[in-house]
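Top to bottom, those sequences are chains S and C. Under my numbering, think of the first position of the first sequence as 4, with each following residue one higher. Under my numbering, think of the first position of the second sequence as 4, with each following residue one higher. The C-beta atom is built at its ideal place from N, Cα and C for all residues, glycine as well. Owing to the predicted nature of the structure, the values given are computational and were not obtained by experimental measurement. All remarks here apply to the structure that follows.
Number of protein chains: 2
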Amino acid sequence: MSDSPSADAPITVHLAYLLAQANREINRQLETRLRAEGVPVEQWRILKVLSDGNGRSMGDLAEAALLNHPTLTKTIDRMVADSLVYRISDPGDRRKVLIFCSERGKALGRRLAALALDQEAFIAENYGGKPMAQLKRLLGTLIERSG
Amino acid sequence: MSDSPSADAPITVHLAYLLAQANREINRQLETRLRAEGVPVEQWRILKVLSDGNGRSMGDLAEAALLNHPTLTKTIDRMVADSLVYRISDPGDRRKVLIFCSERGKALGRRLAALALDQEAFIAENYGGKPMAQLKRLLGTLIERSG
DNA sequence: TTCGGAATGTTGAATTTTCAACCGTTGAAG
DNA sequence: CTTCAACGGTTGAAAATTCAACATTCCGAA
Chain S
4 MSDSPSADAP ITVHLAYLLA QANREINRQL ETRLRAEGVP VEQWRILKVL
54 SDGNGRSMGD LAEAALLNHP TLTKTIDRMV ADSLVYRISD PGDRRKVLIF
104 CSERGKALGR RLAALALDQE AFIAENYGGK PMAQLKRLLG TLIERSG
Chain C
4 MSDSPSADAP ITVHLAYLLA QANREINRQL ETRLRAEGVP VEQWRILKVL
54 SDGNGRSMGD LAEAALLNHP TLTKTIDRMV ADSLVYRISD PGDRRKVLIF
104 CSERGKALGR RLAALALDQE AFIAENYGGK PMAQLKRLLG TLIERSG
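Right, here's the structure in full:
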């Protein structure tokens with residue numbers, strides 16, 4: 004009578020599993036596209052978030068780019084070494100460090116944005132625009148409800 | 004006139020981003036639940052896949068548990084050390100190694116399965132059973148179309 | 001039969017991530 | 001004012017992951 008999943012149900016009934024699998028797949032697709040610029044997906048997220056020209060604190064950026072705090076520190080170290088971003092101590096609160104995009108970073112960010120939009124278009128073609136929009140909407144509310 | 008995302012759209016329009024964010028969130032939830040047994044999510048997936056009592060080759064298991072090949076080898080090393088699983092060389096094809104669940108592994112797997120089903124129920128409550136079912140369906144077809 | 005390429009796993013080095021401890025700064029209570 | 005708990009970020013050691021190279025086995029073609 005119940006439709007709740009039973010103990011011997013396949014692992015694919017779990018939302019946690021389906022999300023991990025879908026994320027893995029789509030992430031791989033994006034990864035291979037970004038390989039044209041030799042940039043990992045995490046750096047695309049960082050550059051994308053910074054692409055409006057505003058600076059972000061490490062904390063805000065970590066949350067937006069889906070990275071843990073120490074991981075972001077070290078990723079930013081690499082990106083600074085590559086002259087993609089730079090740090091500025093926040094004058095209003097000297098505990099904070101603001102991250103800004105360099106010109107080089109912005110240029111790279113634009114090229115990456117084109118690649119990422121390509122992927123969006125590709126998925127929309129192969130999967131259908133309407134299901135894709137619906138999926139995005141459902142994911143958005145799931146994230147809201149889980150934060 | 005077009006509804007295709009523009010270059011300066013926020014990162015949240017990207018399916019790749021929403022999937023990563025949702026996965027991160029749900030994975031964290033599951034992680035904290037599984038912490039009661041001190042087991043990482045990857046080992047839950049492995050034990051879950053093996054819970055039917057059949058053995059799996061490293062390759063099949065890697066695919067099912069969403070792990071890269073060398074990562075799985077090392078994870079299985081740890082699980083063998085913990086007496087959760089064991090290796091048997093496939094008699095039919097001696098290149099292959101079959102992984103089986105020990106009794107201890109099965110018992111742990113049952114406890115983990117209960118925790119994972121708890122999470123499913125929790126999500127269904129907070130998010131709604133119908134949206135959840137729809138989300139699962141959309142993810143399933145996305146995975147099919149992307150494999 | 002024998003050879004060579006493909007399939008299956010493992011290994012070790014290098015990279016990356018994580019965990020815990022740390023330092024400097026802030027804000028606010030006493 | 002002081003003091004002190006909390007915040008924001010970094011660091012170094014430990015753990016996990018990845019990459020490339022490797023060994024073994026299988027299989028098909030010469």
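Look at the alpha carbon of residue i and the alpha carbon of residue j, and state the distance between them as a whole number of angstroms.
i                      : j                      : result
residue 113 of chain C : residue 23 of chain C  : 28 Å
residue 9 of chain S   : residue 117 of chain S : 44 Å
residue 16 of chain S  : residue 94 of chain C  : 32 Å
residue 34 of chain C  : residue 98 of chain S  : 31 Å
residue 132 of chain C : residue 19 of chain S  : 15 Å
residue 29 of chain C  : residue 29 of chain S  : 17 Å
residue 137 of chain S : residue 43 of chain S  : 28 Å
residue 125 of chain S : residue 122 of chain C : 33 Å
residue 104 of chain C : residue 73 of chain C  : 20 Å
residue 56 of chain S  : residue 32 of chain C  : 34 Å
residue 47 of chain C  : residue 87 of chain C  : 11 Å
residue 111 of chain S : residue 71 of chain S  : 23 Å
residue 37 of chain S  : residue 119 of chain S : 8 Å
residue 96 of chain C  : residue 90 of chain C  : 14 Å
residue 49 of chain C  : residue 127 of chain C : 24 Å
Could you tell me which chain C residues have their CB closer than 9 Å to the CB of residue i, listed as they occur along the chain?
i                      : result
residue 134 of chain S : 141, 144 and 145
residue 33 of chain S  : 17 and 19
residue 91 of chain S  : Correct list: empty, because the minimum Cβ distance to chain C is about 22 Å.
What in chain S is Cβ-close to residue i, meaning under 8 Å?
i                      : result
residue 102 of chain C : Neighbours of residue 102 of chain C on chain S: none; closest Cβ ~15 Å, over 8 Å.
residue 119 of chain C : 17 and 19
Is there a Cβ of chain S sitting closer than 8 Å to that of residue i, yes or no?
i                      : result
residue 107 of chain C : no
residue 52 of chain C  : yes
residue 4 of chain C   : Residue confidence is low: residue 4 of chain C scores 47 on pLDDT, short of 50, so the model does not pin down where it sits. Its coordinate-derived value is still stated next. Not closer than 8 Å to any Cβ of chain S, the Cβ of residue 4 of chain C fails to qualify, so no.
residue 123 of chain C : yes
residue 19 of chain C  : yes
residue 79 of chain C  : no
Measure the Cβ-Cβ separation of residue i and residue j and say whether it is below 8 Å.
i                      : j                      : result
residue 143 of chain C : residue 21 of chain S  : yes
residue 52 of chain S  : residue 68 of chain S  : yes
residue 40 of chain C  : residue 78 of chain C  : no
residue 92 of chain C  : residue 100 of chain C : yes
residue 145 of chain S : residue 25 of chain C  : yes
residue 102 of chain S : residue 58 of chain S  : yes
residue 141 of chain S : residue 134 of chain C : yes
residue 54 of chain S  : residue 109 of chain S : yes
In this structure, how does DSSP classify residue i when only helix, strand and coil are distinguished?
i                      : result
residue 101 of chain S : strand
residue 149 of chain C : helix
residue 88 of chain S  : strand
residue 4 of chain S   : For residue 4 of chain S, the pLDDT reaches just 47, beneath the cut-off of 50, and the residue's location in the model is therefore unreliable, although a value from the coordinates is still provided. It is coil, neither helix nor strand.
Using the beta-carbon of each residue, which ones in chain C are nearer than 8 Å to residue i?
i                     : result
residue 65 of chain S : Here the premise fails: no neighbours, minimum Cβ distance about 12 Å.
residue 46 of chain S : Those do not exist, as residue 46 of chain S stays about 13 Å from chain C at its closest Cβ, beyond 8 Å.
residue 10 of chain S : 113, 116, 117 and 120
Residues of chain S with CB closer than 7 Å to the CB of residue i, please, in chain order.
i                      : result
residue 129 of chain C : 148
Check the Cβ-Cβ distances between residue i and every residue of chain C, and say whether any is below 8 Å.
i                      : result
residue 116 of chain S : yes
residue 111 of chain S : no
residue 30 of chain S  : yes
residue 75 of chain S  : no
residue 37 of chain S  : no
residue 87 of chain S  : no
residue 14 of chain S  : yes
List the residues of chain C whose Cβ lies closer than 7 Å to the Cβ of residue i, in chain order.
i                     : result
residue 69 of chain S : 23, 24 and 27
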